[in-house]
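Enquirer:
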Amino acid sequence: MYAIMGITGQVGSAAAKYLLERGERVRGIVRNKSRASAWAARGAELVVADWSDAEALAAAFTGVEGVFVMLPANFTPDADFAEPRALIDTLTAALRKAQPPKIVALSSIGAQQERDLGLITQLHLLEQALDALPMPRAHVRAAWFMENLRWDVPLAQFEGRLASHLQPLDRPIPMVSTDDVGRTVASTLEETWFGRRVIEVEGPRRYSPLDMAQSLAAVLEHDVETIAIPREQWAARFVDEGMPADRIAPRIAMLDGFNSGWIGFEKRSTEHVCGRIPLGYVADELVCATLDVLESAA
Numbered sequence: 001m002y003a004i005m006g007i008t009g010q011v012g013s014a015a016a017k018y019l020l021e022r023g024e025r026v027r028g029i030v031r032n033k034s035r036a037s038a039w040a041a042r043g044a045e046l047v048v049a050d051w052s053d054a055e056a057l058a059a060a061f062t063g064v065e066g067v068f069v070m071l072p073a074n075f076t077p078d079a080d081f082a083e084p085r086a087l088i089d090t091l092t093a094a095l096r097k098a099q100p101p102k103i104v105a106l107s108s109i110g111a112q113q114e115r116d117l118g119l120i121t122q123l124h125l126l127e128q129a130l131d132a133l134p135m136p137r138a139h140v141r142a143a144w145f146m147e148n149l150r151w152d153v154p155l156a157q158f159e160g161r162l163a164s165h166l167q168p169l170d171r172p173i174p175m176v177s178t179d180d181v182g183r184t185v186a187s188t189l190e191e192t193w194f195g196r197r198v199i200e201v202e203g204p205r206r207y208s209p210l211d212m213a214q215s216l217a218a219v220l221e222h223d224v225e226t227i228a229i230p231r232e233q234w235a236a237r238f239v240d241e242g243m244p245a246d247r248i249a250p251r252i253a254m255l256d257g258f259n260s261g262w263i264g265f266e267k268r269s270t271e272h273v274c275g276r277i278p279l280g281y282v283a284d285e286l287v288c289a290t291l292d293v294l295e296s297a298a
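Everything in the sequence shown is counted per the working numbering, starting at 1 for the first residue and increasing by one.
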């Protein structure tokens, strides 16, 4: 049996799906069983454990062949990353108590760097904390999620534009589908190793903002213009979107890191996996999902 954190999220659900398809038993760690009832119907065992409860997490991590761990998404951490640090402390305390045979953790491209990572700092801290544990561990460093394109669908659909923070517009960066990341997590959990592993995961090729717009245009069947958002406008735009003004710096730092090339794969003593799912496939799914939501709301 394998314990999976975030089973109702994108990567955790993909990992659980592939494990179940391979005949493995899965223990989904949830905060509310009602939100994960579909997983119980598919044969997963569900246990309730809040991510801030070390005792409950330790119980969920006990008696399994391996665990998949991750941090909840936090796009507005404070300057000291106090919230993710507290969650990391809780997580590592639970792992020390449970002593699972192996750990697979969701990390990010660029997490090997010690500075100027912005939001990815949280995953650098997670890697450091897990590396202090005695169990075999694998850090799955995922590229930019293709599913981030979801936020661009409405503007592309109704105004024929894609407004990009990633720049320059013609520069491709590593991107990956969450399904490919989940598949990598599942296969890694089934493997046996000793010590520390770093597995870098990207898609079948790299994509630029221009490619992102083209993928939406192909699905929407109309032109989509790509526009670079001037950096001096980012802060105001993020505040308009509802982000607290004193917590936007990490997001800007992360985007700067991608745009400068500072955030990239390590490529030294690491394993590199290229997934199978192209951006066009993900774009098609995202557009269909958006249309379904709009139709159900009408």
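Each residue gets a CB set at the ideal place from its N, CA and C atoms; glycine is no exception. Every value quoted in this text rests on a predicted model; they were computed, and no experiment measured them.
1) Would you report the Cα separation of E271 and N148, rounded to the nearest angstrom?
2) Could you tell me which of E190, I7, I103, P84 sits nearest to N74, measuring between CA atoms?
3) With three or more C-beta pairs closer than 8 Å as the rule, is the segment 174-183 touching the segment 111-123?
4) Where does A41 sit, in a helix, a strand or coil, going by DSSP?
5) Count Cβ pairs between the segment 42-55 and the segment 217-226 that sit closer than 8 Å; are there 3 or more?
6) The alpha helix (DSSP H) spanning A56 covers which residue range?
7) Could you check the C-alpha separation between I248 and G261 for me, to the nearest Å?
8) Please identify the residue among M212, L126, F238 whose C-alpha is closest to the C-alpha of D284.
9) Quick one: what's G66 bridged to in DSSP?
10) Compare the C-alpha of H222 against each of E159, S269, I199, D170 and name the closest.
11) Cα separation between A54 and R96?
12) Which same chain residues, not among the five before or five after A143, have their C-beta less than 6 Å away from its C-beta?
13) Identify whether V47 lies in helix, strand or coil by the three-state DSSP scheme.
14) Please name the residue in M1, M5, A59 whose C-alpha comes closest to that of G43.
15) On the DSSP bridge assignment, give the partners of E202 in chain order.
Expert: With the structure as the only source:
1) The sequence position of residue 271 within the sequence shown is 271, counting from 1. The sequence position of residue 148 within the sequence shown is 148, counting from 1. Distance between the alpha carbons of E271 and N148 is about 24 Å.
2) Counting from 1 along the sequence shown, the entry for residue 74 is found at position 74. Selected option, being the one with the closest Cα: P84.
3) no
4) Position 41 of the sequence shown holds residue 41. The answer is helix: DSSP assigns A41 an H, G or I state.
5) no
6) By 1-based counting over the sequence shown, the position of residue 56 is 56. Taken as a continuous stretch (DSSP letters only), the alpha helix (DSSP H) holding A56 covers 54-61.
7) Residue numbering aside, residue 248 sits at position 248 when the sequence shown is read from its first letter. Residue numbering aside, residue 261 sits at position 261 when the sequence shown is read from its first letter. Spanning the two alpha carbons is a distance of roughly 20 Å.
8) Indexing the sequence shown from 1 puts residue 284 at position 284. That would be M212, whose Cα lies nearest to the Cα of D284.
9) Working through the sequence shown from its first residue, we reach residue 66 at position 66. Beta-bridge pairing links G66 to Y2.
10) As a first step, residue 222 must be located in the sequence shown, where it is residue number 222. Nearest of E159, S269, I199, D170 to H222, Cα basis: E159.
11) Taking the first residue of the sequence shown as 1, we reach residue 54 at position 54. Taking the first residue of the sequence shown as 1, we reach residue 96 at position 96. Going from the Cα of A54 to the Cα of R96 covers about 10 Å.
12) Looking up residue 143 in the sequence shown gives position 143. Closer than 6 Å at Cβ, skipping near neighbours: I109, P174, M175, V176, E202.
13) As a position in the sequence shown, residue 47 is number 47, starting the count at 1. Strand, per DSSP.
14) Mapped onto the sequence shown, residue 43 falls at position 43. It is M1.
15) Sequence index remark: in the sequence shown, residue 202 carries index 202 (1-based). DSSP lists C274 as partners of E202.
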